[in-house]
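Numbering (the numbering used here), first residue to last: 60 to 631.
In structure tokens, the structure reads:
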């Protein structure tokens, strides 16, 4: 200790004579910070550089309070291998694809409107003459405003994007009218449904394709008949050659004919052509506004019959398999189309007089037997509306159905299954003809809602007033009990519309159960000859043998043998 105290004045004197060098001090300090750690091989200098770089790149608030967290995060990143190239890969958020689709849709509609604005007066007059060809898009924004007044409807942002999507559908597809039908929820994605009428040219093209489906079958039958005739001629010629050139072969024994089934399937119910009956309207679906619209196929009667017996939620995938009993022909796009047909038939309602039959339709063009369920109707230009009291009447006598009723047959126009058989029977004797089929009938078009059947003791439709505080601005709303999610509104003026937002399922009674599988049929009658039983024991066999022994011969009476001998001697 004494020596150190003695050396301190000398050291202080030596340092006082030396001038400080800043560069030298920085180099010495930097070399000190670059000393590697014996455990990891890292240096404090490199660590500080990484921490400062991370802080400057992210620029967080209150750096002093988060300095230790950034230091620890830099150390953790060094544990990952350097060859991990996925750290710098950019992953786009899922909403970006939707935003790009919406931007493309908005640009398409904006460019279309800009072209219309740039047209001259002469060209605009030409466009006015072609207004009949221009598709008519229902004003969804206005209708949604009234639905929102009643407590239903879509959010404003969703409604606006959907309205632009309907305009895009009118531009890209050959449709004459476009109307928003509703929204159906799914387990994975939802469906937005647009109800349209095709243009005359597109409808004629689809009708021709529909009619041409049956034509190739007749040609194939004729070709098959000709092929059979040619084969018969070849067999005849071959038999002649065999008779001339080859010796006769022994004729095999004649076998009894094989049993032939006499069962005949019922004839399939024909599909209604495009533009008629359940296929009157064409439906388009998409999962998000901005996605391309997908056209749903026409529905068949068999699909409607099976859809009425099943209850299944949508998945959002049009190609999903539909596993039901009875079996459903098609995928989810066919099942969705069948449900839309049922919804349109049951929930398309309007105030009385809102629609009327077309003025250009003549009575000669209407067939009372086949066309009564397919009559044309259009909005009534002379409709003046009803009072709010009449629209809110609990009996609902001022509300009517304008959807075509679907018969149990799966059609809106009844088809006679015995039509061909009855025509053949008329040529023969009347007694041998088939019994006439009883035609199905349902509610006529524009039938009042008061005739609807009750649902588990409740009314089929429930009316409600949108506001009791401002009755002069209120409107009437009715809600379906049979199809939860189906609503319709009507003002005291000329505004009315219906919409469906739900799961696409019909209200079921509490104890409802799906159709059960049928009992397996018996292949043969079960009897003792085909039943399994235990083998008899030796004692059982001996008892059976003894029980079935023949009876012993009767004993001979005395004297009977002598009498017979005397008679024989006399005869000799």
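Ideal Cβ positions, reconstructed from N, Cα and C, are used throughout, including at glycine.
Tell me where the alpha helix (DSSP H) around residue 153 begins and ends. 153 to 177
Backbone CA spacing between residue 450 and residue 581 [nearest angstrom]: 59 Å
Taking the alpha-carbon positions, what's the residue 589 to residue 583 distance? 10 Å
Identify which residue in 393, 384 and 459 has its Cα closest to the Cα of residue 412. 459
Rounded to the nearest angstrom, what separates residue 357 and residue 447 at their Cα positions? 39 Å
Beta-ladder partner(s) of residue 12, from DSSP: Because the chain spans 60 through 631 in this model, residue 12 falls outside it and cannot be assessed.
Going by the beta-carbon positions, is the gap between residue 345 and residue 246 smaller than 8 Å? no
Whole angstroms are fine: how far does the CA of residue 368 sit from the CA of residue 495? 27 Å
Judging by CA-CA distance, which residue of 561, 171 and 534 is the nearest neighbour of residue 551? 534
The beta strand (DSSP E) enclosing residue 205, as first and last residue numbers: Note, residue 205: premise wrong, no beta strand (DSSP E); alpha helix (DSSP H) at 199 to 208.
Could you work out which residue in 507, 443 and 468 is closest to residue 499 when comparing CA atoms only? 468
Where do the N-terminal and C-terminal ends of the beta strand (DSSP E) with residue 535 fall, by residue? 535 to 539
Can you tell which of 553, 472 and 267 has its C-alpha closest to the C-alpha of residue 443? 553
Buried or exposed, going by whether 16 or more other CB atoms sit within 10 Å of the CB of residue 239? buried
Under the DSSP definition of a beta bridge, which residues are partnered with residue 458? 410
State the DSSP-derived secondary structure class of residue 372, mapped to helix, strand or coil. coil
Could you tell me the boundaries of the alpha helix (DSSP H) in which residue 269 lies? 259 to 271
So if DSSP puts residue 343 in a beta bridge, which residue, or which two residues, is it bridged to? 253 and 354
Buried or exposed for residue 473, please, with buried defined as at least 16 other CB atoms from any protein chain shown within 10 angstroms of its CB. buried
Chain B beta carbons: is any one of them nearer than 8 Å to that of residue 454? Structure shown: chain B not included; a single protein chain is present.
Compare the Cα-Cα distances from residue 378 to each of 395, 384 and 318 and report the closest residue. 395
Report the three-state DSSP secondary structure of residue 514 (helix, strand or coil). strand
Starting from residue 437, follow the alpha helix (DSSP H) in both directions and report where the run begins and ends. From DSSP, residue 437 is part of no alpha helix (DSSP H) but of the beta strand (DSSP E) over 436 to 438.
Please name the residue, chosen from 339, 506 and 203, that lies closest to residue 222 on a Cα-to-Cα basis. 203
I'd like to know whether the C-beta atoms of residue 537 and residue 520 end up nearer to each other than 8 Å. yes
Check the C-beta distance from residue 545 over to residue 402 and give it rounded, since I have them as a contact under 8 Å. 7 Å
Count Cβ pairs between the stretch 256 to 274 and the stretch 591 to 598 that sit closer than 8 Å; are there 3 or more? no
Checking the sheet assignment: what are the DSSP bridge partners for residue 532? DSSP lists no partner for residue 532.
Go ahead and pull the three-state DSSP assignment for residue 519. coil
Could you pull the start and end residues of the beta strand (DSSP E) that residue 238 belongs to? 234 to 243
Using a 10 Å radius around the Cβ and a threshold of 16 neighbouring Cβ atoms, would you call residue 384 buried or exposed? exposed
With distances taken Cα to Cα, identify the nearest neighbour of residue 17 among 90, 92, 164 and 132. Residue 17 lies beyond the stretch modelled for the chain, which goes from 60 to 631, so this question has no answer here.
DSSP beta-bridge partners of residue 416: 436
Taking only three categories from DSSP, how would you classify residue 195? strand
With distances taken from CA atoms, which of 388, 365 and 353 is nearest residue 375? 353
Euclidean distance between Cα positions of residue 236 and residue 196: 6 Å
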